[in-house]
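Written out below as structure tokens is the structure these notes cover.
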């Protein structure tokens, strides 16, 4: 067994489960690193494999500074495995790889350089991933890797071919590969190739281990890093090639939808709702436009008083039981005789008088509230939603009818054209 370094610069954490063949390929590419082996360690966290994963790790321990960590198979737990690996890491910087992800020979040097030359203060790095195209796999990749002898030769020969590009390439290119130019840089932080200072990782709580399946847990970590003031940068030099492996796209999509519900439970705010709603459409990149639209409309609508609209809607609804009315787009000012209500307001700067706790305020848009289905007699949608209606009118109505027996819709919203909305307050 190779002697482990006492003070490495980097700890490489690789979670794995019954993927010994793919893990072997990843470790083989780590053997080819330019970085001296006394400057990094590898922590393989086995999530309860029953194949020959242990034997593969044992064989590579003769040539790599590798530690093997085992946790029992208690279900799909890559986040818990990554957290376990990061906690056991001894280097100040943790690099995350997936089994089957093939790092280029300068991979570790590039991650270290990105941290030492990056912005001051907290800093996390996302790296380029050739051939990561989950919905459009690169054709003939396995044969190319076998013929060329590894990822470096494939990237050198084919790296400029768009069929080999990272799925994020086009959108990062628009930003000159600087995520900080994007309003939501955390959407580029993907776990198959990323790094972060160990102290920062532990300070924000690591990966959320309660996600039940595949998808979005890495971006959720990125969101918390950003909210703690940690900048996210991108390195094209710290590249990997996503090796070929079978994917069940339909199963992954179903898993993503379940994870998105959990994402929203963790982030009950307008940004959490937008993330949930955009990704539920099996999209990612429109979230930037949706977020800009929201922030611009917040400014435009800040002075809009809808107390009269709310009063009219309550009168039109007839008798409403206290605590059984919800107002989406509540604003700051409320009618004095409003029954006890659930107030949904997307502008956090607006703080209505809750009248001694009679009303409950939710900082949200109303695309997916925390209110149970059928819990409201009436749901009022005010004109404060006007600037969001063209994009989200259908979803807002769907949510209103999910939680309420009847819906009172502002006439202003009825006048807003929406591809998915027809001028009606019924179904």
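In UniProt numbering, the protein residues as written are 1 to 427. Cβ coordinates follow ideal geometry from the N, Cα and C atoms, glycine included. Being a predicted model, the structure only gives us computed values, none of them experimental.
Measure the CB-CB distance between residue i and residue j and report whether it falls below 9 Å.
| i | j | result |
| --- | --- | --- |
| residue 73 | residue 15 | no |
| residue 132 | residue 190 | yes |
| residue 111 | residue 7 | no |
| residue 86 | residue 201 | yes |
| residue 108 | residue 40 | yes |
| residue 346 | residue 373 | no |
| residue 53 | residue 18 | yes |
| residue 11 | residue 95 | yes |
| residue 260 | residue 285 | no |
| residue 242 | residue 145 | no |
| residue 184 | residue 291 | yes |
| residue 309 | residue 382 | yes |
| residue 330 | residue 317 | no |
| residue 93 | residue 9 | yes |
| residue 332 | residue 312 | no |
| residue 13 | residue 124 | no |
| residue 168 | residue 188 | yes |
| residue 262 | residue 100 | no |
| residue 130 | residue 106 | no |
| residue 269 | residue 170 | no |
| residue 21 | residue 137 | no |
| residue 307 | residue 274 | no |
| residue 367 | residue 351 | no |
| residue 196 | residue 225 | yes |
| residue 255 | residue 205 | no |
| residue 282 | residue 253 | yes |
| residue 459 | residue 44 | With the chain covering 1 to 427 only, the question about residue 459 has no answer from this structure. |
| residue 390 | residue 416 | yes |
Between which two residues does the alpha helix (DSSP H) carrying residue i extend?
| i | result |
| --- | --- |
| residue 112 | 107-117 |
| residue 395 | 386-403 |
| residue 28 | 20-31 |
| residue 309 | 307-317 |
| residue 220 | 217-227 |
| residue 50 | From DSSP, residue 50 is part of no alpha helix (DSSP H); its letter is neither H nor E. |
| residue 412 | 411-414 |
Any idea what DSSP makes of residue i, helix, strand or coil?
| i | result |
| --- | --- |
| residue 81 | helix |
| residue 61 | coil |
| residue 187 | helix |
| residue 287 | helix |
| residue 175 | coil |
| residue 333 | coil |
| residue 162 | helix |
| residue 195 | strand |
| residue 281 | coil |
| residue 267 | coil |
| residue 274 | helix |
| residue 208 | coil |
| residue 423 | Legend: pLDDT at residue 423 = 36, less than 50; position of this residue unreliable, value from coordinates given subsequently. If DSSP states are grouped into helix, strand and coil, residue 423 belongs with coil. |
| residue 148 | helix |
| residue 346 | coil |
| residue 354 | coil |
| residue 40 | strand |
| residue 201 | helix |
| residue 341 | strand |
| residue 87 | helix |
| residue 292 | helix |
| residue 181 | helix |
| residue 236 | strand |
| residue 260 | helix |
| residue 34 | coil |
| residue 157 | helix |
| residue 373 | coil |
Could you check how far apart the C-beta atoms of residue i and residue j are, in whole angstroms? I think they sit under 8 Å.
| i | j | result |
| --- | --- | --- |
| residue 327 | residue 339 | Going by Cβ atoms, the distance from residue 327 to residue 339 rounds to 11 Å, so no, they are not a contact pair. |
| residue 126 | residue 234 | 5 Å |
| residue 118 | residue 230 | Contact doesn't hold; Cβ gap of about 11 Å is too wide. |
| residue 429 | residue 413 | Residue coverage of the chain in this structure runs from 1 to 427, which leaves residue 429 outside it and unanswerable. |
| residue 23 | residue 42 | That pair is no contact at about 11 Å. |
| residue 47 | residue 77 | 5 Å |
According to DSSP, which residues form a beta bridge with residue i?
| i | result |
| --- | --- |
| residue 131 | None, per the DSSP bridge assignment. |
| residue 101 | 242 |
| residue 123 | 231 |
| residue 96 | 13, 194 |
| residue 298 | In DSSP, residue 298 forms no bridge with anything. |
| residue 406 | 378 |
| residue 45 | 15, 69 |
In the DSSP assignment, find the beta strand (DSSP E) that holds residue i and state where it starts and stops.
| i | result |
| --- | --- |
| residue 66 | 66-70 |
| residue 13 | 10-16 |
| residue 378 | 376-381 |
| residue 360 | 360-363 |
| residue 326 | 325-328 |
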